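A.B. asks: The numbering of the sequence shown is my numbering, which starts it at 60 and goes up by one.
Beta carbons are placed, not taken as given, at the ideal position from N, Cα and C, and that holds for glycine.
Every value quoted in this text rests on a predicted model; they were computed, and no experiment measured them.
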Amino acid sequence: MSARLTLPPTSPAPAAAAASSSMSPLASTAGAAGTRTPGTRKPLTLSSSLKKPKETRDPGPPKAGAFKKRKPKPTKFRRFYERGDLPIAVEHRALGNRIRWMVEIEKLDYHHYLPTFFAGLSETQEPYRFLAYQGAIDLLENGGSKIVPVVPQLVLPIKAALNTRDEEIVCRTLIMIQRLVLSAPDVGVALTPYFRQILPIMGLYKNKNLNLGDGIDYGQRFRRNVGDLVEETLQLLELNGGEAAYININYIIPTYSSCVMN
């Protein structure tokens with residue numbers, strides 16, 4: 060009877076053991092998570108390259124907003140009036156309000172008061188709007204030779220009022236420019252170097268007239284048609300601005316036709 064030879068149990072290969080021991084817990088977890096329950100299917104989805112692109116509507120060019128109103132900032136005219144620094148008051152009358160001056164207008168410092176009242180042209184609330192507009196008219200009617208030296212100080216408030224793009228303010232300011240030009244000799248000449256500051260907005264509104272067909276433009280009765288006011292103002296500036304007036308106007312507003320050369 061031969062003896063049976065028994066072999067010792069075999070151990071795993073060193074390489075296989077090393078591989079199994081080096082497997083990270085993350086890999087084993089991923090393997091467990093990747094298993095699916097038998098009988099369930101993962102929903103099919105189209106790849107991004109096969110999806111139909113969404114139709115986008117062309118929004119067109121952005122709106123420039125050239126005529127959009129700009130909210131005017133609080134003016135120094137309002138601040139001075141509320142502090143009681145202006146020698147004026149509203150005088151109520153049956154035929155309409157008027158300004159009552161506490162001092163003689165001729166004795167006022169025009170370098171201080173005229174720019175302040177012009178700053179109030181941007182006001183839209185009462186009584187500031189009325190006081191600033193009527194006060195500026197009174198100062199221009201009584202200023203005489205005091206007005207020309209103050210012209211450079213009036214450019215910024217005029218520009219600020221025009222830049223509001225508020226047609227009521229723009230019309231009021233254009234009328235005031237006309238009164239300014241006619242208030243004293245050489246005022247138009249003194250304004251000519253500042254055309255680049257005040258004319259661009261006029262060019263914007265030059266052809267902006269209301270087309271009412273057979274209707275009546277009641278604004279024209281009260282001189283509130285902005286396109287006509289611009290044309291009138293440009294003509295006054297040309298007539299009173301000296302020899303260089305037309306060249307400077309035409310440089311900024313090429314569509315303007317001279318009222319002198321034609």
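1) Taking 8 Å as the limit between beta carbons, can you name the residues of its chain near Gly323, skipping five residues before and five after?
2) Output yes or no for whether 8 Å exceeds the beta carbon distance between Ile306 and Leu258.
3) Can you tell which of Thr183, Gln212 and Tyr187 has its C-alpha closest to the C-alpha of Leu173?
4) What is the residue span of the alpha helix (DSSP H) that Arg159 lies within?
5) The alpha helix (DSSP H) that contains Ile147, what's its start and end?
6) What residue range is occupied by the uninterrupted alpha helix (DSSP H) comprising Thr292?
7) Please state the DSSP three-state secondary structure of Ser181.
8) With C-beta atoms as the reference, is Tyr253 less than 8 Å away from Val289?
9) Put Met324 into one of helix, strand or coil per three-state DSSP.
10) From this set, Gln193, Met161 and Arg255, which residue's C-alpha is nearest Thr175's C-alpha?
11) For Val319, which of helix, strand or coil comes out of DSSP?
12) Would the segment 214-234 and the segment 152-172 be scored as touching if the rule is three or more Cβ pairs under 8 Å?
13) Please state whether DSSP places Ala195 in a helix, a strand or coil.
14) Please confirm if the segment 135-142 is in contact with the segment 178-193, defined as three or more CB-CB distances below 8 Å between the two stretches.
15) So which of Asn309, Leu180 and Pro133 has the shortest CA-CA distance to Arg255?
16) Return helix, strand or coil for Lys166, following the three-state DSSP convention.
17) So, helix, strand or coil for Glu302, using DSSP?
18) Tell me whether the beta-carbon of Asp168 lies closer than 8 Å to the beta-carbon of Val207.
19) Let me make sure I understand the geometry here. Which of Leu180, Val319, Ala148 and Glu141 has the alpha-carbon closest to that of Ile234?
20) To which residues of the same chain is Ala148 closer than 8 Å at the C-beta, ignoring the five residues directly before and after it?
21) Which residues mark the beginning and the end of the alpha helix (DSSP H) in which Leu221 is found?
22) Less than 8 Å between the CB atoms is what I'm expecting for Ala243 and Gly203, so what's the real figure, rounded?
C.D. replies: This is what the structure gives:
1) Summary: the structure shown does not reach residue 323, with the chain confined to residues 60 through 321, and so no result is reported for it.
2) Not a contact, by the Cβ cut-off of 8 Å.
3) Closest option to Leu173, judged by alpha-carbon separation, among Thr183, Gln212 and Tyr187: Gln212.
4) Premise fails: Arg159 lies in the beta strand (DSSP E), Arg157 to Trp160, not in any alpha helix (DSSP H).
5) Judged by DSSP secondary structure, Ile147 falls outside any alpha helix (DSSP H) and instead within the beta strand (DSSP E) spanning Ile147 to Glu150.
6) Per DSSP, Thr292 belongs to the alpha helix (DSSP H) from Val285 to Asn299.
7) Ser181 sits in a helix when the DSSP states are folded into three classes.
8) Taking 8 Å as the Cβ cut-off, Tyr253 and Val289 do not qualify as a contacting pair.
9) Nothing can be reported for residue 324, as the shown portion of the chain is limited to 60 through 321.
10) Per the Cα distances, Gln193.
11) Secondary structure at Val319: coil, using DSSP grouped into helix, strand and coil.
12) Verdict: no, contact absent.
13) If DSSP states are grouped into helix, strand and coil, Ala195 belongs with the helices.
14) The segment 135-142, when compared against the segment 178-193, does touch it at the 8 Å Cβ threshold.
15) Closest in C-alpha terms to Arg255, from the list Asn309, Leu180 and Pro133, comes Asn309.
16) Lys166 falls in the helix class under three-state DSSP.
17) The answer is coil: DSSP assigns Glu302 none of H, G, I, E or B.
18) Remark: C-beta atoms of Asp168 and Val207 do not approach each other more closely than 8 Å.
19) Of the listed residues, the one whose Cα sits closest to Ile234 is Leu180.
20) These residues qualify, in order along the chain: Ile158, Arg159 and Met161.
21) Taken as a continuous stretch (DSSP letters only), the alpha helix (DSSP H) holding Leu221 covers Val210 to Leu221.
22) Contact check for Ala243 and Gly203: beta-carbon distance about 6 Å, within the 8 Å limit, so the pair qualifies.
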